[in-house]
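Participant: Plus 36 on top of the position in the sequence shown (first one is 1) and you've got our numbering. Backbone N, C-alpha and C fix where the C-beta goes; we use that ideal spot for every residue, glycine too. Being a predicted model, the structure only gives us computed values, none of them experimental. Below you'll find the structure I mean.
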Amino acid sequence: MFVTCSHCPQQDDVSPTKLSALRRFRACDGCGRCLTRIDVSDFSGWIDEQVRIKRSLQERGWLGSRKQSVKQSDADIDRDGLAAELAACLLLAPAWVTKWQRLAEAGVSNRGRDLLPRWTGLDKPVEVKQTRYRDDRRGFLLVRPPRWTPGEMKPEYLDDAYYVLLHSGSGNGSTSVYDLTLSGWTDRDGLLHDGVRNPVPVGNGQRECWGIHWSKLRPLDELAQRPASVWSRVIEFLTTKTQRRENR
Ligand SMILES: [Zn+2]
């Protein structure tokens with residue numbers, strides 16, 4: 037699995053086993069900054085299987101259509117979304133990727149909390165968004181109202197989470213939907229301040245949305261410097277203590 041640094045020429049080929057030993061964000065061996073680009077095609081078989089299961093549930097009427105795009109099929113949207121969540125998990129909480137996979141397989145609803153605070157060490161959950169666009173006009177981090185809510189998009193539908201945006205395909209200068217770059221993050225305040233209502237046209241049968249252009253997002257290195265959650269500091273303390281005892 038290839039992980040590429042956007043700040044220096046470093047490129048690593050890492051095994052999932054090596055990743056699982058890492059806590060918190062992946063940093064570049066070359067320059068120490070956060071790694072932002074990862075190829076998850078090693079997991080394409082698993083992703084395809086999840087997409088197949090979801091589609092068969094939809095065909096049996098147990099799952100509604102996402103209707104989030106007029107150009108993309110539901111299967112493509114599911115594949116893009118899963119690849120993006122997986123990439124974000126591998127970059128921000130690599131040790132938890134197996135746990136994330138089990139939750140994805142169980143179809144657990146995780147709006148506003150794709151990655152949990154105790155996985156990333158952050159004080160809030162991380163919500164992952166994805167787009168195939170990245171130019172002057174296109175490539176938005178979009179938030180739609182939760183299911184079963186009426187009417188227009190409202191500020192209270194924005195979760196108190198860190199939102200990250202991943203680009204894939206042509207938006208990442210690539211032909212692969214499994215090659216992804218995390219272009220930045222924002223939070224609820226950032227979305228309210230720099231975001232706009234319906235930055236993309238609302239299609240037939242679609243809900244309204246709130247969105248922020250990728251160019252207004254903040255760099256990942258800044259998120260890594262946020263204060264860690266109390267929970268992760270306790271874990272860190274206990275782990276260091278155990279290691280010290282083992283090293284004696
Ligand atoms: Zn680097």
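At what residues does the alpha helix (DSSP H) containing residue 139 begin and finish?
Facilitator: Looking at the DSSP string, the run of the alpha helix (DSSP H) that includes residue 139 is 133 to 141.
Participant: Alpha carbon to alpha carbon, how far is residue 97 from residue 117?
Facilitator: Computed Cα separation, rounded: 21 angstroms.
Participant: Smallest Cα separation from residue 108: which of 252, 168, 247 and 128?
Facilitator: For the residues 252, 168, 247 and 128, the minimum Cα distance to residue 108 belongs to 168.
Participant: Which class does residue 127 belong to by DSSP, given the choice of helix, strand or coil?
Facilitator: In the structure shown, residue 127 sits in a helix (DSSP, three-state: H, G or I).
Participant: Mapping the DSSP letters down to three states, classify residue 226 as helix, strand or coil.
Facilitator: Residue 226 falls in the helix class under three-state DSSP.
Participant: Please classify residue 170 as buried or exposed, where buried requires at least 16 neighbouring CB atoms within 10 angstroms.
Facilitator: It is buried - the Cβ of residue 170 has at least 16 other Cβ atoms within 10 Å.
Participant: Is it right to say residue 44 is buried, meaning 16 or more other beta carbons lie within 10 angstroms of its own, or is it exposed?
Facilitator: The residue is exposed, with fewer than 16 neighbouring Cβ atoms inside 10 Å.
Participant: Please work out which residues of its chain come closer than 8 angstroms, Cβ to Cβ, to residue 65, disregarding the five sequence neighbours upstream and downstream, and give them in chain order.
Facilitator: So the qualifying residues of the chain are 46 and 48.
Participant: What's the gap between the Cα of residue 218 and the Cα of residue 74?
Facilitator: Those two C-alpha atoms are separated by around 9 angstroms.
Participant: Just verifying my parser: in three-state terms, what is the DSSP assignment at residue 40?
Facilitator: Three-state DSSP puts residue 40 in a strand.
Participant: Please report the Cβ distance between residue 181 and residue 243, rounded to the nearest whole angstrom; I am assuming they are in contact, meaning their Cβ atoms lie under 8 angstroms.
Facilitator: Yes, residue 181 and residue 243 are in contact; Cβ-Cβ is about 5 angstroms, under 8 angstroms.
Participant: Going by DSSP, which residues form a beta bridge with residue 163?
Facilitator: DSSP output for residue 163 lists 199 as bridge partner(s).
Participant: Using the Cα positions of residue 60 and residue 270, report the straight-line distance between them to the nearest angstrom.
Facilitator: The straight-line gap from Cα to Cα measures roughly 14 angstroms.
Participant: Comparing alpha-carbon positions, which option in 134, 80, 248 and 233 lies nearest residue 201?
Facilitator: The candidate whose alpha carbon is nearest that of residue 201 is 248.
Participant: Do residue 198 and residue 158 have their CB atoms nearer than 8 angstroms?
Facilitator: Result yes, Cβ atoms of residue 198 and residue 158 sit closer than 8 angstroms.
Participant: Tell me where the beta strand (DSSP E) around residue 47 begins and ends.
Facilitator: Per DSSP, residue 47 belongs to the beta strand (DSSP E) from 47 to 49.
Participant: Please determine, among 193, 178 and 225, the residue with the shortest C-alpha to C-alpha distance to residue 184.
Facilitator: It is 193 whose Cα lies nearest to the Cα of residue 184.
Participant: Write down every uninterrupted run of the beta strand (DSSP E) in the region 62 to 95 whose length is 3 residues or greater and which is fully enclosed by it, in chain order.
Facilitator: Listed in chain order, the complete beta strand (DSSP E) runs (minimum 3 residues) inside the region 62 to 95 are 73 to 75.
Participant: Does the beta carbon of residue 69 fall short of 7 angstroms from some heavy atom of ligand 1?
Facilitator: Within the cutoff, so yes.
Participant: Would you check if the region 202 to 210 and the region 118 to 125 touch, i.e. whether three or more CB-CB distances between them fall below 8 angstroms?
Facilitator: With the cut-off at 8 angstroms, the region 118 to 125 and the region 202 to 210 touch.
Participant: Pick out whichever of 228, 79, 76 and 136 has its Cα sitting closest to the Cα of residue 155.
Facilitator: Of the listed residues, the one whose Cα sits closest to residue 155 is 136.
Participant: Quick check: the Cα distance between residue 62 and residue 228, rounded to an integer number of angstroms?
Facilitator: If you take the alpha carbons of residue 62 and residue 228, they lie about 29 angstroms apart.
Participant: Closest to residue 214 by CA distance: which of 130, 72, 80 and 54 is it?
Facilitator: Per the Cα distances, 80.
Participant: For residue 87 and residue 216, what's the separation of their Cα atoms in angstroms?
Facilitator: Each residue's Cα considered, the two are about 18 angstroms apart.
Participant: Does at least one heavy atom of ligand 1 sit under 7 angstroms from the Cβ of residue 46?
Facilitator: Indeed, a heavy atom of ligand 1 lies less than 7 angstroms from the Cβ.
Participant: So, is residue 233 buried or exposed, given that buried needs 16 or more other C-beta atoms within 10 angstroms?
Facilitator: Burial call: exposed.
Participant: When burial is assigned at 16 or more other CB atoms within 10 Å of the CB, is residue 222 buried or exposed?
Facilitator: Looking at its Cβ environment, which holds 16 or more other Cβ atoms inside 10 Å, residue 222 is buried.
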